[in-house]
Amino acid sequence: MIHKPRIPFSRSPVDFESVAPLFKEAIDNGWLTTGPLVERFNSGLKNYWETDNVVLVSSCTAALQIALKALDLKHNDEVIIPAMTFIATLEAIELSGLTPVLADIDPLTWNISVKSIEQKISPWTKAIIAVAFAGNPPAMQELRKLADKHNLKLILDNAHALEAKFDGKFLHHYADFSCYSFYATKNLTTAEGGAIICSKEDMERVRALSLHGMSRNAWNRYAGGTWRYDIVETGFKANLTDIHAAIGIAQLGKIETHHKRRLELIEKYGSGLKGLPIRFQGLEGLVSPNGHAAHLFSISIAPQSIVKRDTLIEELQKNSIAYSVHFIPLPEFSTVQKKYNFKPEDYPHSYEYFSGALSLPLYPQLKDSEVDEIIKVIRSLFAENAVTSAV
Ligand SMILES: Cc1ncc(COP(=O)(O)O)c(C=O)c1O
């Protein structure tokens, strides 16, 4: 039996009533894979993101691999990424025959540090992958300037930040390739899925790369009435299906309401936890408050705190409140240790953040009363410990 915490870490925003007619349509038309519903979902996203250049794929991991392939880099060329990110960012580089180089994070924004990138640039560096961690935009203008100065490509791993803006513009505006995730817990989900935004010039190539390098997909051949296609280069099998797109279409209209609620919730957490030795991303060090996608509410307990992260985890467990930890720094993983010589002491900010890191529940259906309860549990633990340590 699945153990269900009283306050889960994530609740699916997908409601059967809104998806059911779209599922019926996808099943009744018999197409099932990449077809009319993917096109409809794509049009909706183009409209939302204010760009014509969107290709839908099966995951953000696939999107990153396709973006790297489209750069035409040489074996072992270097790509700089933050030391604190999800494994997919590194995996995509490794599976592309490239070499990952880790930069530290900024101690306030918890995104890749521009200063640290500068120290890692070598004659083999060809690209940077910045991650909008938790939904907080990285320093997009500085990153763009740095990439241009050193003739590097800028890829954005935007798995957490589809709604984020920097200086009033969606983040894809600043990057050469932006990669998105529609994984089950993401702000907009299709269960599994992803997207790439690129330049107009790269669009056709990216689309072909997402489906075996085929010049025309089956739906276009069917709709256009001719069977002939070419394989223009070796690609991936990473197309999104109509079944997944049905889930996405049903939620597209709710993006803004959900985003607004997520922002309200992080503000509520922020004011409720004020004064404790807890660091927040996005409340201090935030680039632009309205630009945050509010995907995760990640906190980091300050190193000087008497209450440590693992004690807080025990307390949350006792109260049946779910949590998660985002992210374990990449040098911690055994496979990474076997292949690379990354030293934890080279990433002091990533490790300091990680030593106190914890993510609390955050989703549109989370009730104010539930956030109040989580805050109460945390404040009581800190209060109890303050008394004990004073005795
Ligand atoms: C920062 C980051 N990048 C990439 C991914 C991979 O996304 P997907 O599961 O769509 O491949 C994730 C997934 O959670 C992520 O958090």
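Quick note: to get our numbering, add 10 to the position in the sequence shown (first position is 1).
No residue lacks a Cβ here, since even glycine has one placed at the ideal position from N, Cα and C.
All values reported here derive from a predicted model rather than from experimental measurement.
If one requires a minimum length of 3 residues, the beta strand (DSSP E) runs lying completely within the stretch 261 to 322 are 288 to 290, 307 to 311, in chain order. Annotation for Y361: P339, P354 place their beta carbon closer than 7 Å to its own, counting only its chain and skipping 5 residues before and after.
Taking the Cα positions, L326 is about 52 Å away from N230. Of the residues L376, Y232, T199, A255, the one whose Cα lies closest to the Cα of E274 is L376. In this structure, G203 has its CB closer than 8 Å to one or more heavy atoms of ligand 1.
Under the three-state reduction of DSSP, E394 is assigned to helix.
Counting C-beta atoms within 10 angstroms of its own C-beta, P92 has 16 or more neighbours from the protein chains shown and is therefore classed as buried.
By the 16-neighbour rule on beta-carbons within 10 angstroms, F26 is exposed. In summary, A393 is exposed, with fewer than 16 beta-carbon neighbours lying within 10 Å of its beta-carbon over all protein chains present. Setting aside the 5 residues that flank it on each side, L78 is surrounded in the same chain by V89, A102, I103, S106, L108, A137, I165, each with a C-beta closer than 8 Å to its C-beta; the list follows chain order. Distances between the C-beta of D167 and the heavy atoms of ligand 1 include at least one below 8 Å. Within the stretch 85 to 130, the alpha helix (DSSP H) runs of at least 4 residues that lie entirely inside it are, in chain order, 97 to 105, 124 to 130. For Y373, the shortest separation between its Cβ and any heavy atom of ligand 1 does not lie below 8 Å. For S123 and A149, the gap between their C-alpha atoms comes out near 9 Å. With the rule of 3 Cβ pairs closer than 8 Å, the stretch 343 to 352 does not count as touching the stretch 302 to 316. Distances taken from the Cβ of V141 to the heavy atoms of ligand 1 include one shorter than 8 Å. Going by DSSP, L78 is part of no beta strand (DSSP E) but of the alpha helix (DSSP H) stretching over 70 to 80.
Taking C-beta atoms as the reference points, I206 and S188 count as a pair closer than 9 Å. Relative to ligand 1, the nearest heavy atom lies less than 8 Å away from the CB of L74. D116 and Y357 have their C-alpha atoms spaced approximately 10 Å apart.
The beta carbon of V29 sits closer than 7 Å to those of A256, I257, A260, all from its chain and outside the five residues before and after it, given in chain order. D87 and T135 have their C-alpha atoms roughly 6 Å apart. Following the DSSP letters along the chain, one finds S360 inside the alpha helix (DSSP H) bounded by residues 358 to 365.
Judged by beta-carbon spacing, A169 lies beyond the 9 Å limit of P147, meaning their Cβ atoms are not closer than that value.
Ligand 1 approaches A98 closely enough that one of its heavy atoms is under 8 Å from the residue's Cβ. Burial is judged here by how many other beta carbons sit within 10 angstroms of a residue's own beta carbon; P371 has at least 16 and is buried.
At least 9 Å separates the beta-carbon of S330 from that of R21.
Rounded to the nearest whole angstrom, the CA to CA distance from W120 to I388 is 22 Å. In the displayed model, T345 falls within a helix according to three-state DSSP. Not one heavy atom of ligand 1 sits closer than 8 Å to the Cβ of Y58. Residue state for D378 is assigned as helix, using DSSP reduced to three classes. Remark: the C-beta of K196 is in contact range of ligand 1, defined as less than 8 Å to any heavy atom. With respect to the C-alpha of D82, the residue from F19, V335, V65, K163 having the closest C-alpha is K163. Within the same chain, no residue comes within 7 Å of K84 by CB-CB distance, once the 5 residues on both sides are set aside.
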